[in-house]
Structure formats: C-alpha cells, structure tokens
Amino acid sequence: MSTHPSYYAWWRTTDKSYNPTKSIEVVNARDYSYKFGGKGKVGNEYFTYAHYYAKIHQPWYSKYFPFGRQFLTIKMEDFADDNKVIFEPDYQESKLHSEFTMPGWNIIGLSLMKSVTHYATNFGNASLDSSPYARLSFIIEVKRNGWKLYISYFIGFFMAGILAHLVYMMSSLPFAARATVFIGSVVAFIGNKYIIDPRLPPSPSYGLADAIQMITFLVIIISILASIGLELKYQDEKKRAAVSLTIGAISLIIYVLYIIIYTWIAVSS
Numbered sequence: 000m001s002t003h004p005s006y007y008a009w010w011r012t013t014d015k016s017y018n019p020t021k022s023i024e025v026v027n028a029r030d031y032s033y034k035f036g037g038k039g040k041v042g043n044e045y046f047t048y049a050h051y052y053a054k055i056h057q058p059w060y061s062k063y064f065p066f067g068r069q070f071l072t073i074k075m076e077d078f079a080d081d082n083k084v085i086f087e088p089d090y091q092e093s094k095l096h097s098e099f100t101m102p103g104w105n106i107i108g109l110s111l112m113k114s115v116t117h118y119a120t121n122f123g124n125a126s127l128d129s130s131p132y133a134r135l136s137f138i139i140e141v142k143r144n145g146w147k148l149y150i151s152y153f154i155g156f157f158m159a160g161i162l163a164h165l166v167y168m169m170s171s172l173p174f175a176a177r178a179t180v181f182i183g184s185v186v187a188f189i190g191n192k193y194i195i196d197p198r199l200p201p202s203p204s205y206g207l208a209d210a211i212q213m214i215t216f217l218v219i220i221i222s223i224l225a226s227i228g229l230e231l232k233y234q235d236e237k238k239r240a241a242v243s244l245t246i247g248a249i250s251l252i253i254y255v256l257y258i259i260i261y262t263w264i265a266v267s268s
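Just so we're aligned, residue 0 is where the sequence shown starts under the numbering used here, counting upward by one.
Written out as structure tokens, the structure reads:
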C-alpha cells in the first residue's frame, strides 16, 4: 500500500551548527522532498522546521481484510550516528491536523517512537565496527470501515454457499437438476475468487478471506459428495430427503457460525 504523507517536522537543539535539513533522511520513503520552513532561537535553544512530502510503500496487513488496523509509519534518521545525534520526541506538540482524513478509514491516533537502528556496516568509517543511528518514527493508526467492501467482495462466496445448501432440499429431483445447482455454486465461487485474489497481497497468516473461501469450498464439495452418496445408498425418496435435510442443516449451521466467528474476530481486531 503506497501513501503520500505531507507533514511538518521540527527540531530544537542547543547546538547552533546543527542543520537537520542537511542531515535528516526519511529512510522508509521511496522518494521525498521538503520545503524549508524557518529557523530561529528561543532562549538557549535553536529551532528549525520544514514541510516534508514523501512517497512511502507501507506493509499491508491483510489478515483481517476488509477490516483490521493499519499502521502508517514515517521513519526519520540522521546521517550522524547516535554518538552525535539522539532524538527526543516532542510528544506535547506533535498532533494530527484537524483536516486530516482518509475516506473509508477511522483515524485512531498518532504516536511517536524513538529507537536506535544498528546497521551491520561502518559505511566506510574504519574507526567503527558497526553503525548505530537514532531513529524517530511517526505512527498513524487507522481502522477500516469495511462492511461495504465485505459485502461487495464476498457476496459471490456467500451465494455459492447458499446454492450448495439448496442442493440438500432437492434430493427428490433428478440428478441433472441438482448438477445445475452444483455448477452454479462452483461458478460463483471461482468468479469471486478471481475478483478478490488480485486485491490481496500474499500473506502467511490464515485470515478472514482465507476462512470464507475455505469453508465455502468445503461445503460445496461436501454437498456434491453427499448428494451422490445419498443417491446411491437410499432408494426410498422420503428416507433420502430426511437424511439430506439433516446433513444440510448441520452443514448450514457450521457454515454460518464459522463465518460469523471469523468475521467477529476481524471486526474486533
């Protein structure tokens, strides 16, 4: 997920010679620029501020898609190591602008974090074994309003699941009629999968989208196998219908509960 943050950064120091606009780098940006804002002195402190524009590729946590939280992070470091520069965040004055919005997302808040990053190189300075650098991170936490996307992206899977369970009510009909419903559920499943897969980045975690796809695929397969098996085992239509409805009811309850549980986990995340 690419973001294009525009933000102000400022520095206060007792070192008159320190020029942050010459030595500060946005380390996780693909590209960035800044406009010099101004500088001055208050008491024994010198201050500098600038307006930054960055293009940052953020990792997208898709486990709970289309719900879940994302953490939009801006990481800034100084070219001088931590023996010369240490950051202390200005927690009191660092705030999000009242006009900052992200359509479809709730803005949870802004947090600042200071840290030291160690690089396994001395960057050409033979007097050092490794290079620790002070880092300041701005982290904006956002939570998606995902119900509209939830319906839009998963409605094909839900239709496939409904069609798969309709088969249990059709045990007295010719197998050709049931096969038509099977095909409809498979087409709905495959069509929805082609829609959603390109929109999700690879993820090692088993998430909401995986759960809905997996349980829908299973109920389709089970309904097909159950229909064939009952057709072969029971010649009595009433007996076959009773067993079919029982299996269908159990399958539907498990299907709905499974989706509700995973959806609730995603919404609550």
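C-beta: ideal position from N, C-alpha, C; glycine also.
Nearest-angstrom Cα separation, counted from residue j out to residue i
| i | j | result |
| --- | --- | --- |
| I258 | I138 | 32 Å |
| L109 | L71 | 9 Å |
| I249 | H56 | 45 Å |
| Q69 | Y17 | 34 Å |
| I85 | F188 | 55 Å |
| I223 | L165 | 11 Å |
| F35 | I260 | 51 Å |
| R143 | G67 | 6 Å |
| K238 | G228 | 13 Å |
| K21 | V41 | 21 Å |
| I220 | S226 | 10 Å |
| Y33 | N27 | 15 Å |
| K94 | K62 | 29 Å |
Spatial neighbours of residue i in its chain, beta-carbon cut-off 6 Å, leaving aside the 5 residues before and after
| i | result |
| --- | --- |
| M112 | S136 |
| D30 | K54 |
| S114 | R134 |
| F122 | S130 |
| Y6 | Y51 |
Contact test: residue i Cβ vs the ligand FMN heavy atom, cutoff 7 Å
| i | result |
| --- | --- |
| V266 | In the structure shown, the ligand FMN is absent, as is every other ligand, since no ligand is present at all. |
Pair within 8 Å by beta-carbon distance, residue i and residue j
| i | j | result |
| --- | --- | --- |
| F99 | G206 | no |
| V180 | M169 | yes |
| Y167 | I246 | yes |
| N43 | T2 | no |
| P4 | I73 | yes |
| M75 | V25 | yes |
Nearest candidate by alpha-carbon position, reference residue i, set the options
| i | options | result |
| --- | --- | --- |
| P173 | I161, L217, L231, D89 | L231 |
| I161 | A178, A176, G183 | G183 |
| L251 | T215, M75, M101, R177 | T215 |
| E87 | V266, V26, W10, I107 | W10 |
| V255 | A163, S93, H50 | A163 |
| F46 | N191, D89, I106 | D89 |
Same chain, Cβ closer than 7 Å to residue i, five either side skipped, listed in chain order
| i | result |
| --- | --- |
| V242 | L229, Y233 |
| L217 | none |
Spatial neighbours of residue i in its chain, beta-carbon cut-off 8 Å, leaving aside the 5 residues before and after
| i | result |
| --- | --- |
| A49 | Y7, A8, W9, P19, T20, Y33, K34, F35, G36 |
| I306 | Look at the range of the chain in this structure, 0 to 268, and you will see that residue 306 is not part of it. |
Practice item. Count the C-beta pairs between the stretch 138-150 and the stretch 77-87 that are closer than 8 Å, then say yes if the count reaches three, no if not. Key: Counting Cβ pairs under 8 Å, fewer than three are found: no touch.
Review point. Can at least three beta-carbon pairs, one atom from the stretch 156-174 and one from the stretch 211-221, be found at a separation below 8 Å?
Key: Short answer: they touch.
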